[in-house]
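Enquirer: Residue numbers for the sequence shown follow the numbering used here, beginning at 19 and rising by one.
Cβ coordinates follow ideal geometry from the N, Cα and C atoms, glycine included.
All figures in this text were calculated on a predicted structure; none of them were measured in a lab.
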Amino acid sequence: MLPIMSKTPMLQLFGVTKRYPGVIANNNVDLKIMPGEIHALLGENGAGKSTLVKYIYGVQKADSGTLEWCGKRTKINNPKMARKLGIGMVFQHFSLFDALTVKENISLGISSKIANSDLDKEIINISKKYGLPLDPDRYVHTLSVGERQRIEVVRCLLQDPSMLIMDEPTSVLTPQEVELLFRTLRQLSADGVSILYISHKLQEIKDLCHTATIMRMGEVVATCNPDHETPHSMAEMMMGKNISTPNRVEVSINKSPALIISDLSIQSDQSYGTDLKNINFTVNTGEVLGIAGIAGNGQKELMAALSGEVLAERPDSIKIANEPVGLFYPNQRRQAGMVFVPEERLGHAAVPMMSLWENAFLSSATKMNFKKNGFIRVADVKDYTQDIIKKFGVKTPNIQNIASSLSGGNLQKFIFGREILQNPRIIVAIQPTWGVDAGSAAVIRQSLIDLASKGCAVLVISQDLEELFEISDRLSVIYDGKLSPSRNTKSISLKQLGLMMGGVSVFSEKGAIENDG
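Right, here's the structure in full:
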């Protein structure tokens, strides 16, 4: 129930329109957010949500339309003015400097009064209060994507905002941490703070938000009370069509070990990284193994070891079937049948300023034989790229468009398609649907299930527990560089998995999970 506050909206938009060459990002958008209201903004990737909140925060100007703040017509010319008014924002794509520390990054863009105070102490206090652990002296380049998101959240909360814009704030939290954050947001709401909440986790919207505004193709298509809807009905309003949930069909496959990891120990080359400690697991043909864990517990290091970006100490620490590949580099592992979907779409999985066909070539050149006598078979690569776009429903004008021009969901579908069409024996994906809309997430999850049904071994490393329970046959947890023995998905509860992710359970010398008591 919405707290009883002033009847004057905290924020109101009238007829906001923003055009880019060839596209209308926002078309005559109206929006009203009341004091103390937790208001969801929903829509698939490319629906216009990011453009709208950037206008509210002063990052960009609209072509037409007006904004009222606390009942007064206002022009927010830049983020500094937005923060002065009392608007704080946590962006999905972070604005951080890799060469600076957590504290130095937080000090940028906040008032000199806060920056010049005992900032270390303030960061630690806020971090503890909201369950977002951060070391003020760590350098950003040593942090995972999830840990980088925490910096943005803490920086925003330090400024005591009147309205908080949050973009995918729970993507790196355990269920227990989400519950704590929700308690905090509800208290902020009770104190009169308005919250504009953007998330693709529709059950969160139902559990937390008072109102939801739904956008599609730049326009507001519906406003609803999430209490009166289901996650499925909200997803269908977002997409404008029926959405099918991932379908698992039992197939008869003679399962055999495809990826075998034995006593894999790697010392992180980052001073604040997480060492991998005697990792053991097997992924069989025709199954999906899910690995859960909070960001910063060794996921990044495990992915680097599996992909060949960091080599193992022994060849037999990593085997593809019976072939030791621990000392193979990435292209050699691809030739042996492995493909990879990294955590960071732009910069790691794709080169932002390269075209789609050039990005398709980068990871498929070896396996798909796109090179001949030192020359690129451009026509074949372009045909392959068109095939990816068609089969995976990637929305883009043409294959010459650069990777950074695609929305997050479309780029992720492109990256998955690029890997899947190589007909892999093994696929390793980390955070496969992070920041991706419901429709794109359903496509990606179904693709992983379909791969397994055809005999591929699928390993998914994710912090999205709903996702892991939906697609995985077995589940493990990574905590402080150690991996738990896997358990059948049907034999473990969401609460148990969340506790293990939070370190409430520990690993015995025999590798079994024990409760701390």
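Can you tell me the Cβ-Cβ gap for residue 252 and residue 28, rounded? I've got them flagged as a contact below 8 Å.
Expert: In fact, because the Cβ distance is near 23 Å, the residues do not count as touching under 8 Å.
Enquirer: Under three-state DSSP, which class holds residue 317?
Expert: helix
Enquirer: Assuming residue 494 and residue 502 are in contact, meaning their beta carbons sit under 8 Å apart, how far apart are those beta carbons, in whole angstroms?
Expert: 5 Å
Enquirer: What three-state label does DSSP hand residue 52 in the structure shown?
Expert: coil
Enquirer: Measuring alpha carbon to alpha carbon, tell me which of 273, 342, 218 ends up nearest residue 13.
Expert: Examination of residue 13 is not possible in this model, given that the chain is present from 19 through 535 alone.
Enquirer: Measure the Cβ-Cβ separation of residue 433 and residue 311 and say whether it is below 8 Å.
Expert: no
Enquirer: Counting C-beta neighbours from all protein chains within 10 Å, is the total for residue 512 16 or more, i.e. buried, or is it exposed?
Expert: exposed
Enquirer: Is the Cβ-Cβ distance between residue 417 and residue 382 less than 8 Å?
Expert: no
Enquirer: May I ask you to verify whether the region 91-105 touches the region 230-249, counting CB pairs closer than 8 Å and requiring at least 3?
Expert: Segment contact: the region 91-105 against the region 230-249, fewer than three CB-CB distances shorter than 8 Å; contact not assigned.
Enquirer: Is the number of C-beta pairs between the region 30-45 and the region 216-231 that are closer than 8 Å three or more?
Expert: They do not touch, by the three-pair rule.
Enquirer: Which residue or residues does DSSP assign as beta-bridge partners of residue 87?
Expert: 29, 90
Enquirer: Give me the Cβ distance between residue 455 and residue 63, rounded to the nearest whole Å; I'm assuming they're in contact under 8 Å.
Expert: 5 Å
Enquirer: The beta strand (DSSP E) spanning residue 215 covers which residue range?
Expert: Run containing residue 215: 212-216, per the beta strand (DSSP E) assignment.
Enquirer: Determine the burial state of residue 533: buried for a count of at least 16 other Cβ atoms within 10 Å of its Cβ, exposed for fewer.
Expert: Low local confidence applies: a pLDDT of 42 at residue 533 is under 50, so the model's placement there is unreliable, and no value is given.
Enquirer: Could you check which residue in 166, 225, 305 has the C-alpha nearest to that of residue 121?
Expert: 166
Enquirer: Give the secondary structure of residue 242 by DSSP, where H, G and I count as helix, E and B as strand, and everything else as coil.
Expert: strand
Enquirer: Straight-line CA distance for residue 293 to residue 398?
Expert: Distance from the CA atom of residue 293 to the CA atom of residue 398, rounded to whole angstroms, is 42 Å.
Enquirer: Between residue 465 and the ligand GDP, is there a pair consisting of the residue's CB and a ligand heavy atom that are separated by less than 7 Å?
Expert: The model depicted lacks the ligand GDP and carries no ligand whatsoever.
Enquirer: My assumption, with CB atoms under 8 Å, is that residue 4 sits in contact with residue 378. Please give the rounded CB distance.
Expert: A query on residue 4 cannot be resolved here, the shown segment of the chain reaching from 19 to 535 and no further.
Enquirer: Could you name the residues that DSSP lists as bridge partners for residue 390?
Expert: 393
Enquirer: Figure out for me which residue from 37, 108, 56, 57 has the closest Cα to the Cα of residue 82.
Expert: 37
Enquirer: Do you know offhand how far residue 35's Cα is from residue 52's?
Expert: 22 Å
Enquirer: Using C-beta distances below 6 Å, list every residue in its chain close to residue 321, excluding the 5 sequence neighbours before and after it, in chain order.
Expert: A distance below 6 Å between beta-carbons, with the five flanking residues on each side excluded, links residue 321 to the following residues of its chain, in chain order: 448.
Enquirer: Between residue 539 and residue 146, what straight-line distance do the alpha-carbon atoms span, to the nearest angstrom?
Expert: Residue 539 lies beyond the range of the chain shown here (19 to 535); nothing can be said about it.
Enquirer: Looking at the secondary structure, which residues open and close the beta strand (DSSP E) in which residue 234 lies?
Expert: 229-234
Enquirer: DSSP on residue 275, reduced to helix/strand/coil?
Expert: In this structure, residue 275 counts as strand in the three-state DSSP scheme.
Enquirer: State the DSSP-derived secondary structure class of residue 529, mapped to helix, strand or coil.
Expert: In this prediction, residue 529 scores a pLDDT of 41, lower than 50, which makes its location untrustworthy; no coordinate-derived value is stated.
Enquirer: Measuring only the C-alpha atoms, how far is residue 119 from residue 520?
Expert: Cα to Cα, the separation comes out at about 25 Å.
Enquirer: Within 8 Å of any Cβ in chain D, is that where the Cβ of residue 490 sits?
Expert: The structure shown has no chain D; it contains just one protein chain.
Enquirer: In three-state DSSP terms, what is residue 358?
Expert: strand
Enquirer: Assign residue 371 to one of two classes, buried (16 or more other C-beta atoms within 10 Å of its C-beta) or exposed (fewer than that).
Expert: exposed
Enquirer: Does the beta-carbon distance from residue 56 to residue 207 come in below 8 Å?
Expert: Between residue 56 and residue 207, the C-beta spacing is below 8 Å.
Enquirer: Reducing DSSP to helix, strand and coil, say where residue 37 ends up.
Expert: strand
Enquirer: By the DSSP assignment, the beta strand (DSSP E) with residue 300 in it spans what residues?
Expert: 294-302
Enquirer: Given residue 425, which residues of its chain have a CB within under 7 Å of its CB, disregarding the five upstream and five downstream residues?
Expert: 63, 64
Enquirer: Return the Cβ separation of residue 385 and residue 440 in integer angstroms, given the expectation that the two are a contact with Cβ distance under 8 Å.
Expert: So it is a contact: roughly 5 Å between Cβ atoms.
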